[in-house]
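Beneath this line is the structure, given in structure tokens, with notes to follow.
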Amino acid sequence: MKITSICCIGAGYVGGPTMAIIAQKCPNIKVTVVDLNVERIAAWNDEDVNNIPIYEPGLSDLVAEARGRNLFFSTEVEKAIDEAQMIFISVNTPTKTYGLGKGMAADLKYIELCARQIAAVAKENKIVVEKSTLPVRTAEAVKNILDNTGNGVQFQILSNPEFLAEGTAVQDLLHPDRVLIGGDATNGQEAIDALVEVYANWVPKEKILTTNLWSSELSKLTANAFLAQRVSSINAMSELCEKTGADINELSKAIGMDSRIGPKFLKASVGFGGSCFQKDILNLVYIAKTYGLNKVADYWEQVVIMNDHQKRRFSNNIVQTLYNTVSGKKIAFLGWAFKKDTNDTRESAAINVSDFLLNEQANIAVFDPRVKEKQIINDLIYLKSRSIEDIKKGITVYNDPYEVCKDAHAIAILTEWDEFKEYDWQKIYNNMQKPAFVFDGRNILDAKKMTEIGFIFNAIGGAN
Ligand code: NAD
Ligand code: UGA
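Take the sequence shown: its position 272, counting from 1, is numbered 324 in the working numbering, and each next residue is one higher.
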């Protein structure tokens with residue numbers, strides 16, 4: 053079967069970039085991305101392509117090229133489902149905040165809604181592709197809903213998890229390490245082949261891996277668990293470095309040169325953030341528990357526990373170093389996004405660190421090159437730990453890096469934006485309260501230079 057029309061439900065960080073690439077690489081396929089969020093779709097359709105809702109290097113150019121040609125953004129979900137041969141489900145799958153599995157399991161209500169909507173609308177056979185990250189065996193539930201509530205048409209379910217990282221999404225999609233497609237080889241080979249052919253337009257065939265559905269679903273959770281585990285492992289060692297005089301950057305380099313370990317994902321930090329690592333590990337822990345595999349669950353849960361510890365440790369260190377009180381002191385945050393080159397702030401360490409410091413009555417001043425004030429305030433409202441009035445009293449958002457640091461007692465670096473390295477640190481120092489402290493939560497600044505200027509400089513893991 054040759055695919056000529058695709059619909060993607062969910063115009064978020066995955067749906068938008070993924071479909072932009074498919075549209076660019078497959079000019080003969082009409083790609084329609086739909087979402088219930090009217091504001092988000094309007095932003096995707098904004099005449100000024102710089103106003104698309106997601107900041108990713110290279111993405112606006114891609115959208116400018118394909119939008120209106122074979123890439124469309126719309127709120128007409130049913131129409132798009134009806135017209136498509138292949139439907140990607142790319143909606144969010146957050147951690148449940150209620151009921152059974154609260155705080156651990158993935159909330160699949162949006163997935164189920166999509167399945168029911170597809171079933172209700174489809175009048176012809178369709179291929180349904182799980183793009184969202186899902187608990188293993190979700191395809192079974194999706195198939196059940198489709199088969200039992202549909203109009204008697206045939207549905208093939210595929211699992212095609214996404215491995216892009218934010219900030220490098222376009223490059224990751226253009227040159228993926230692999231594309232994973234899970235399906236039922238007995239009854240669904242045609243569907244598997246159809247999706248392979250879509251990717252084969254730009255991905256070498258040897259990088260397109262096909263597996264059974266459950267391996268595909270579980271591989272995605274496993275990949276994220278392994279990646280996050282490396283960050284927690286190096287962060288655990290950073291604490292030991294601080295006690296022993298070892299330097300975490302030297303440690304990372306030394307172990308990373310072992311080809312069996314490899315150099316990536318060994319950067320010590322204030323703690324990992326992002327919408328997926330924590331949620332996916334907690335989901336994995338929950339799945340293991342439901343099968344009674346408590347040792348497996350405990351093993352992986354430790355990755356999240358260590359991450360919470362790292363964020364708390366960073367915050368504690370600020371308070372302790374500032375003579376055990378930050379009350380009434382201006383603490384400047386450079387960075388709010390969970391990593392550089394994205395405007396995404398979900399689960400960013402900055403949120404937890406600011407929450408802790410607000411409890412200590414600090415005055416937090418924030419500058420992030422890509423994150424707007426509204427988002428920062430919303431992130432703190434979402435925590436439900438204080439009133440909006442108190443949040444607004446405690447946090448001030450700046451548009452200028454030098455203003456945010458002016459008269460501050462301390463600077464905390466929460467995101468590794470490249471531009472932070474290029475600032476005039478002497479000028480920043482001159483305008484700060486003395487002694488002037490810097491807490492580099494990303495180990496991006498040169499400790500020696502900073503100390504020479506006069507800063508009392510703190511990096512993670514005793515890095516020099
Ligand atoms: P997101 O919140 O940015 O986007 C999801 C979108 O789906 C939202 O705009 C929401 O309005 C829409 N939506 C929800 N229910 C809908 C419905 N019934 N009909 C139409 N639209 C609906 O989420 P995201 O970051 O794109 O993540 C989506 C999935 O991809 C998650 O499962 C996530 O774990 C996974 N994932 C994310 C990333 C990433 O980097 N963000 C990477 C790989 C995988
Ligand atoms: C991660 C994975 O890398 C993607 O493969 C996956 O598709 C995605 O999750 C997902 O499923 O959502 P992402 O969260 O966008 O991507 O970004 P990462 O580069 O993995 O960074 C995650 C967090 O770990 C960030 O806060 C980052 O600063 C931190 N990190 C990463 C470190 O602290 N040290 C490192 O060495 C690497």
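Just so it is clear, CB atoms sit at the ideal spot from N, CA and C, and this is done for glycine as well.
**OP:** Count the other C-beta atoms from every protein chain shown that fall within 10 angstroms of the C-beta of L26, then say buried if there are 16 or more, exposed otherwise.
**Re:** This structure cannot speak to residue 26, because the chain is shown only from 53 to 516.
Subject >> Cutoff 7 Å; reference I505; Cβ partners in own chain excluding five residues on either side >> reply: For I505, where only same-chain residues beyond five positions count, the Cβ hits under 7 Å are W477, Q478, Y481.
Subject >> Unbroken stretches of the beta strand (DSSP E), 3 residues or longer, contained in the region 196-247 >> reply: Taking only runs of at least 3 residues, the beta strand (DSSP E) segments lying wholly in the region 196-247 are 207-211, 231-234.
**OP:** Return yes when the Cβ of G446 is within less than 8 Å of the Cβ of N404, no when it is not.
**Re:** No, Cβ-Cβ distance for N404 and G446 is not below 8 Å.
Original post:
Between Q208 and chain C, is there a C-beta pair that is closer than 8 Å?
Top reply: Looking for chain C here will not work: only one protein chain is present.
Original post:
Which word fits V356, buried or exposed, when buried means at least 16 other C-beta atoms lie within 10 angstroms of its C-beta?
Top reply: Classification for V356: buried.
**OP:** Decide yes or no for the touch test of the region 154-172 against the region 127-143: beta carbon pairs closer than 8 Å, at least 3 of them.
**Re:** Between the region 154-172 and the region 127-143 there are three or more C-beta pairs closer than 8 Å, enough to call the two in contact.
**OP:** Could you tell me the distance, in whole angstroms, from the CA atom of A72 to the CA atom of R282?
**Re:** Their Cα atoms are separated by approximately 31 Å.
Original post:
Given a threshold of 16 other Cβ atoms within 10 Å of its Cβ, counted over all protein chains shown, does G151 qualify as buried or as exposed?
Top reply: The residue is exposed, with fewer than 16 neighbouring Cβ atoms inside 10 Å.
Original post:
What number of angstroms, rounded off, separates the C-alpha of L303 from the C-alpha of A171?
Top reply: The straight-line gap separating the alpha-carbon atoms of L303 and A171 is approximately 54 Å.
Original post:
Any heavy atom of ligand 2 closer than 7 Å to the CB of S321?
Top reply: Proximity of the beta carbon of S321 to ligand 2 is indicated: a heavy atom of the ligand is located closer than 7 Å.
**OP:** Would you mind working out which of I512, L432, N376, I339 sits nearest G153, comparing C-alpha positions?
**Re:** Ranking I512, L432, N376, I339 by Cα distance to G153 puts I339 first.
Original post:
So D236 packs on L265, CB below 8 Å; how close in whole Å?
Top reply: Right, the Cβ-Cβ distance comes to about 6 Å (below 8 Å), so this counts as a contact.
Original post:
Which same chain residues, not among the five before or five after A499, have their C-beta less than 7 Å away from its C-beta?
Top reply: By the criterion of a C-beta distance shorter than 7 Å, A499 is surrounded in its chain by F509, A511, A515, N516, once the five residues flanking it on both sides are discounted.
Original post:
Which residue comes first and which comes last in the alpha helix (DSSP H) that contains F329?
Top reply: 329-342 is the extent of the alpha helix (DSSP H) around F329.
Subject >> Minimum C-alpha distance to V143 - residue among E214, G67, E218 >> reply: V143 has its Cα closest to that of G67, out of E214, G67, E218.
Original post:
Rounded to a whole number of angstroms, what is the C-alpha to C-alpha distance between A252 and A243?
Top reply: Approximately 14 Å between the Cα atoms of the pair.
Subject >> Three-state class that DSSP yields for I55 in the structure shown >> reply: In this structure, I55 counts as coil in the three-state DSSP scheme.
Original post:
Do L318 and ligand 2 come close, with the Cβ less than 7 Å from some heavy atom?
Top reply: Ligand 2 has a heavy atom closer than 7 Å to the beta-carbon of L318.
Original post:
Is S184 near ligand 1, going by C-beta to nearest heavy atom under 7 Å?
Top reply: Inclusion of S184 in the 7 Å shell around ligand 1 follows from its C-beta lying nearer than that to a non-hydrogen atom of the ligand.
Subject >> Per DSSP, the bridge partner or partners of V418 >> reply: Paired residue(s): F385, V449.
Original post:
At what residues does the beta strand (DSSP E) containing L432 begin and finish?
Top reply: The continuous stretches of beta strand (DSSP E) do not include L432, which lies in the alpha helix (DSSP H) extending over residues 425-435.
Original post:
Relative to ligand 2, is the shortest distance from any of its heavy atoms to the C-beta of L226 smaller than 7 Å?
Top reply: For L226, the CB stays at least 7 Å from every heavy atom of ligand 2.
**OP:** Tell me, please, whether the region 320-340 touches the region 349-369 by the rule of three or more beta-carbon pairs shorter than 8 Å.
**Re:** Remark: three or more beta-carbon pairs, one from each stretch, lie closer than 8 Å, so the region 320-340 and the region 349-369 are flagged as touching.
Original post:
The beta strand (DSSP E) with A462 in it runs from where to where?
Top reply: First-last of the beta strand (DSSP E) with A462: 462-465.
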